[in-house]
Structure formats: C-alpha cells, structure tokens
C-alpha cells in the first residue's frame with residue numbers, strides 16, 4: 156500500500172465533502188432568503204425553517220474547513236514504530252482477512268478506496284481508534300461489536 160496515494164485520496168475526499176457542503180449551504184441560504192418564503196402569517200414558518208437549515212449547513216461548511224486544517228499536519232507525519240495520528244494501519248483477523256485504517260484527527264467514518272482496498276478513517280475518540288493508538292506491529296486488538304469479540308493483529312504500520 157502506498158501511503159502517498161492514500162493521502163491524495165483522503166485530500167480529494169475531504170475537498171469533495173467541502174464542495175458538497177458549500178452547495179448545500181448556498182441552496183439552503185437561497186431558499187431561506189427567497190421572496191416566496193416570506194411569512195404571510197404567524198403559522199407560515201417555511202422561511203424560518205429554511206433559515207435554521209441554512210445555519211446548520213453553514214456550520215457543516217465550517218466543520219469541513221476545520222477537518223481539512225486538522226489533517227494537514229497528520230498528512231506530514233513520519234511513520235513510527237507506534238500507531239499515532241497520521242498512521243496508515245493494516246489489521247488482519249483470524250481468517251487472514253485484512254482491513255486498512257487511517258488514524259486521523261477528524262472525519263471519522265470517511266472511507267476511500269485505493270487499489271481495491273477500502274481505507275476507513277478512524278479518530279482517537281472512536282473505539283477502534285482508542286484500541287489502535289500506540290500499538291505496534293504484531294500487537295493484538297480486540298473490538299466488541301454487537302456483543303461479539305473480534306480479534307485483529309497489527310500487520311503493517313505506514
């Protein structure tokens with residue numbers, strides 16, 4: 156796995172999220188300020204509801220900018236023996252099935268595909284992220300999902 160390619164895909168995905176958020180914010184703002192949405196009586200709340208939506212979408216845009224800002228230092232981290240923010244990690248289960256994760260500072264749940272491999276972003280606050288932080292090669296991780304324990308071994312850290 157080439158970490159540089161993964162970082163390029165993550166940058167692109169973060170920028171795509173920002174673009175989508177900007178379009179949604181503009182649409183919500185345009186709806187909120189459109190002359191047809193001016194309240195005609197106290198029960199006509201379409202304009203007010205659209206304004207709340209526009210506010211939420213604007214916050215989403217700010218969150219996207221913040222995620223991009225937080226990722227820049229993580230993208231420049233040099234690989235170490237221990238998993239840290241900015242590490243690209245491969246885990247293997249008992250059946251030799253591999254899963255790839257990028258320990259990021261934000262945007263948990265974001266997934267990118269690089270050469271038929273899905274790489275999921277996890278944050279240190281997530282259960283998987285807490286388990287990964289400071290682990291080394293050949294360390295074991297146990298994650299409980301729906302009352303079932305899943306065991307993994309760290310097989311690669313980039």
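Numbering (the numbering used here), first residue to last: 156 to 313. Glycine is no exception: its CB is placed at the ideal position from the N, C-alpha and C atoms. Fair warning: this is a prediction, and the values are worked out from it, not measured in the lab.
Worksheet item: Is the beta carbon of residue 279 less than 8 angstroms from the beta carbon of residue 292?
Response: In the chain shown, the residue the question calls residue 279 occupies position 124. In the chain shown, the residue the question calls residue 292 occupies position 137. Not closer than 8 angstroms, so no.
Discussion item. Using a Cβ distance threshold of 8 angstroms, determine whether the segment 194 to 212 contacts the segment 254 to 269, with at least three qualifying pairs required.
Written reply: no
Worksheet item: DSSP three-state call for residue 305: helix, strand or coil?
Response: Residue numbering aside, residue 305 sits at position 150 when the chain shown is read from its first letter. DSSP places residue 305 in strand when its eight states are reduced to three.
Worksheet entry | Beta-ladder partner(s) of residue 253, from DSSP | By 1-based counting over the chain shown, the position of residue 253 is 98. 247, per the DSSP bridge assignment.
Practice prompt. Identify, in the order they occur along the chain, each residue of the same chain with its Cβ nearer than 8 angstroms to the Cβ of residue 184, setting aside the five sequence neighbours on each side.
Written response: Here residue 184 refers to the residue found at position 29 of the chain shown. Closer than 8 angstroms at Cβ, skipping near neighbours: 209, 212 and 213.
Worksheet item: residue 160 lies in the alpha helix (DSSP H); which residues open and close that run?
Response: As a position in the chain shown, residue 160 is number 5, starting the count at 1. Here the alpha helix (DSSP H) through residue 160 covers 158 to 188.
Worksheet item: Are residue 254 and residue 246 touching if we call contact CB-CB under 8 angstroms?
Response: On the chain shown, position 99 is the one that residue 254 refers to. On the chain shown, position 91 is the one that residue 246 refers to. Yes, they are a contact pair.
Item to complete: Return the Cβ separation of residue 156 and residue 272 in integer angstroms, given the expectation that the two are a contact with Cβ distance under 8 angstroms.
Response: Numbered from its first residue, the chain shown carries residue 156 at position 1. Numbered from its first residue, the chain shown carries residue 272 at position 117. Confirmed, about 7 angstroms.
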